[in-house]
Amino acid sequence: MSNMTPQKFQQLRQKAGDRRRLSATQLQEALRVGGLDLEMLATLLSTRVERVRSWLSGQEDIPVYLDVLLATLRVPGGAREAWTLLHEAEAIPTDQQDRFKAWARRDV
Numbered sequence: 001m002s003n004m005t006p007q008k009f010q011q012l013r014q015k016a017g018d019r020r021r022l023s024a025t026q027l028q029e030a031l032r033v034g035g036l037d038l039e040m041l042a043t044l045l046s047t048r049v050e051r052v053r054s055w056l057s058g059q060e061d062i063p064v065y066l067d068v069l070l071a072t073l074r075v076p077g078g079a080r081e082a083w084t085l086l087h088e089a090e091a092i093p094t095d096q097q098d099r100f101k102a103w104a105r106r107d108v
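What follows is the structure, encoded as structure tokens:
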């Protein structure tokens, strides 16, 4: 990411290593704070919405990397960079274009 310094990346890696898996409650709060909905997270991860729902319901373990991804998206410019990469790859479904644009614009 263009705004990701080596020091910030190291901090995120260490932070992730110091933590256990996110709980469903922590994931729900991270999505709320990050301005993401279930469909948007599924798109970011190239997975199904049903999988995200299963994480939130406790049916499946939440992947360890998800905490790092969500932290990276909170770095200034992170959401905008994610949107740019997804947009260039034409990976955002048509029905989600407006939501992703609004999400990227709130990133400061």
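Under the UniProt record's numbering, the letters of the sequence shown match residues 1 to 108, in that order.
A virtual CB, placed ideally from N, CA and C, is assigned to each residue, including glycine.
So the candidates are the options; which of them puts its Cα closest to the Cα of residue i?
i	options	result
residue 21	49, 56 and 40	56
residue 27	47, 11 and 61	61
residue 71	33, 25, 99 and 47	33
residue 107	95, 74 and 99	74
Less than 7 Å between the beta carbons of residue i and residue j, yes or no?
i	j	result
residue 38	residue 52	yes
Alpha carbon to alpha carbon, what distance is there between residue j and residue i?
i	j	result
residue 63	residue 29	16 Å
residue 1	residue 76	Because the pLDDT at residue 1 is just 44, under 50, the model does not fix this residue reliably, and the value given afterwards should be weighed accordingly. The alpha-carbon atoms of residue 1 and residue 76 are separated by roughly 10 Å.
residue 86	residue 67	20 Å
residue 36	residue 89	20 Å
Name the two residues that bound the continuous alpha helix (DSSP H) containing residue i.
i	result
residue 33	24-34
residue 52	49-57
Which full runs of the alpha helix (DSSP H) of 4+ residues lie inside the segment 72-100, going along the chain? 78-88
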